[in-house]
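Peer 1:
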Amino acid sequence: MIRGNQVYWTDRYPTAETGPVTPTPLLTPSTLDLDGVLRAAEVVARHLPATPSWSYPVLDRRVGGRVVVKHENVQPTGAFKVRGGVNLAASLTPSEVRRGLVTASTGNHAQSTAYAARLAGTRAVVVMPTSAPAVKRDAVAALGAEVVVHGPDLGASAAHARELAERDGLRWVSPGDDPAIVLGHATLHLELFRVHPDLEVLFVPIGSGTSAAGACLVRDALAPDCRVVGVQSAAAPAAHDSWRSGSLVSADCRTRVAGLATCAGYALPQSVLAAGLDDFVLVTDDQIDAAARVLATDAHTLAEGAGAASLAALLARPAAPAVSAIVVSGGNASLEELASLARG
Numbered sequence: 006m007i008r009g010n011q012v013y014w015t016d017r018y019p020t021a022e023t024g025p026v027t028p029t030p031l032l033t034p035s036t037l038d039l040d041g042v043l044r045a046a047e048v049v050a051r052h053l054p055a056t057p058s059w060s061y062p063v064l065d066r067r068v069g070g071r072v073v074v075k076h077e078n079v080q081p082t083g084a085f086k087v088r089g090g091v092n093l094a095a096s097l098t099p100s101e102v103r104r105g106l107v108t109a110s111t112g113n114h115a116q117s118t119a120y121a122a123r124l125a126g127t128r129a130v131v132v133m134p135t136s137a138p139a140v141k142r143d144a145v146a147a148l149g150a151e152v153v154v155h156g157p158d159l160g161a162s163a164a165h166a167r168e169l170a171e172r173d174g175l176r177w178v179s180p181g182d183d184p185a186i187v188l189g190h191a192t193l194h195l196e197l198f199r200v201h202p203d204l205e206v207l208f209v210p211i212g213s214g215t216s217a218a219g220a221c222l223v224r225d226a227l228a229p230d231c232r233v234v235g236v237q238s239a240a241a242p243a244a245h246d247s248w249r250s251g252s253l254v255s256a257d258c259r260t261r262v263a264g265l266a267t268c269a270g271y272a273l274p275q276s277v278l279a280a281g282l283d284d285f286v287l288v289t290d291d292q293i294d295a296a297a298r299v300l301a302t303d304a305h306t307l308a309e310g311a312g313a314a315s316l317a318a319l320l321a322r323p324a325a326p327a328v329s330a331i332v333v334s335g336g337n338a339s340l341e342e343l344a345s346l347a348r349g
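Take the sequence shown: its letters are residues 6 to 349, numbered as in the working numbering.
(1) For Gln237, which of helix, strand or coil comes out of DSSP?
(2) If we require 4 or more residues per run, which alpha helix (DSSP H) segments fall completely within the stretch 159-194?
(3) Report all residues from its chain with a CB closer than 6 angstroms to the CB of Gly281; omit the five preceding and five following residues, and keep chain order.
(4) Is it true that the stretch 161-171 meets the stretch 117-135, where meeting means three or more beta-carbon pairs spaced less than 8 angstroms apart?
(5) Hey, Asp158 and Ala240: beta-carbon distance below 7 angstroms or not?
(6) From the DSSP output, read off the bridge partner residues of Asp284.
(7) Looking only at C-alpha atoms, which of Arg172, His114 and Arg176 sits nearest to Leu148?
(8) Do the stretch 85-104 and the stretch 185-203 make contact, defined as three or more Cβ pairs closer than 8 angstroms?
(9) Using the DSSP secondary-structure output, state which residues sit across from Thr289 in a beta bridge.
(10) Assess contact between the stretch 71-78 and the stretch 225-233, defined as three or more Cβ pairs (one per stretch) separated by less than 8 angstroms. Is contact present?
(11) Give the secondary structure of Val262 by DSSP, where H, G and I count as helix, E and B as strand, and everything else as coil.
(12) Do you know whose CA, among Ala318, Ala297 and Gly335, lies nearest Ser345's CA?
(13) Locate the beta strand (DSSP E) running through Thr108, then write down its first and last residues.
(14) For Ser100, tell me which candidate among Glu342, Trp177 and Val48 has the shortest Cα-Cα distance.
(15) I need the DSSP call for Gly335, collapsed to helix, strand or coil.
(16) His114 lies in the alpha helix (DSSP H); which residues open and close that run?
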């Protein structure tokens with residue numbers, strides 16, 4: 006049913022085959038430590054298997070060093086953010102379950118929130134900008150969420166989502182400033198460092214910065230000699246500029262890479278990145294497109310733009326580390342991204 010610019014799907018409250026999650030203690034920013042990650046890992050492991058991380062000889066030869074690819078593109082929602090959704094579902098209070106959830110996202114966080122609502126047995130309202138790929142809007146709806154299309158960019162969508170939260174009493178799920186989300190995302194790096202403790206450099210794509218913050222939390226405990234490098238599109242540098250300046254800033258968001266299209270820094274991940282991130286680099290959208298083609302040919306991997314950003318940064322380096330890792334954060338490629346792969 007369509008009402009104005011709001012798109013509603015009637016199947017809003019499906020039941021997860023895995024059953025409801027077991028609630029965990031209330032999470033606060035002070036729980037952003039390895040113990041919090043380990044607790045999140047127990048929750049996530051009950052619902053999601055560990056994702057593979059391996060190397061490809063052709064890619065290694067191209068780069069000039071061994072490259073470990075962490076495959077978050079094989080998650081049931083096609084992206085790593087489902088980890089945050091699973092952990093979020095376990096952290097909800099009975100009151101929050103009764104009220105329902107609302108968030109704003111260009112796609113992958115939207116699916117994560119919808120997945121969380123399904124696990125918790127509650128409703129989810131997801132506000133998405135007009136720029137969000139149709140394939141991601143459809144995926145969110147398929148998970149049972151109520152999709153509202155509003156605004157040209159994520160900033161406008163988030164403002165509208167907050168209005169809905171206040172008006173309807175929904176629990177706001179921040180894409181970046183929710184401890185349960187950060188800890189859930191950190192579990193991918195726990196898996197990675199447990200299998201590959203010898204990494205010299207880890208490249209992590211950054212939109213809100215939750216995954217990179219999680220990488221820093223785990224690296225400090227399991228692989229303190231590994232450098233964590235954040236990667237963002239030069240056409241949407243809000244997180245990069247916030248990290249460089251030491252304060253939260255907004256920036257133009259002109260990137261065509263939906264998963265990196267954040268217009269402002271987020272306080273919670275930035276508080277971790279300020280002390281833990283070793284470097285933060287910007288790459289162009291064209292470099293990201295080229296990296297996606299390399300992943301397709303050399304690593305037999307379909308990556309969306311954000312999922313190829315890590316490799317774009319690695320390929321741009323004058324010399325490759327002996328052993329590095331990249332996070333293919335998602336594989337929800339839009340029709341435009343698929344067409345770009347076909348053009349070569």
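In this text, a Cβ means the ideal position worked out from N, Cα and C, and glycines have one as well.
Peer 2: According to the data block:
(1) strand
(2) 159-173
(3) Cys221
(4) The stretch 161-171 vs the stretch 117-135: in contact.
(5) Cβ atoms of Asp158 and Ala240: not closer than 7 angstroms.
(6) Asp284 pairs with Val234.
(7) His114
(8) yes
(9) The partner list for Thr289 (beta bridge, DSSP) is empty, contrary to what the question assumes.
(10) no
(11) coil
(12) Ala297
(13) Leu106 to Ala109
(14) Out of Glu342, Trp177 and Val48, the CA that lies nearest to the CA of Ser100 is found in Trp177.
(15) strand
(16) Asn113 to Ala125
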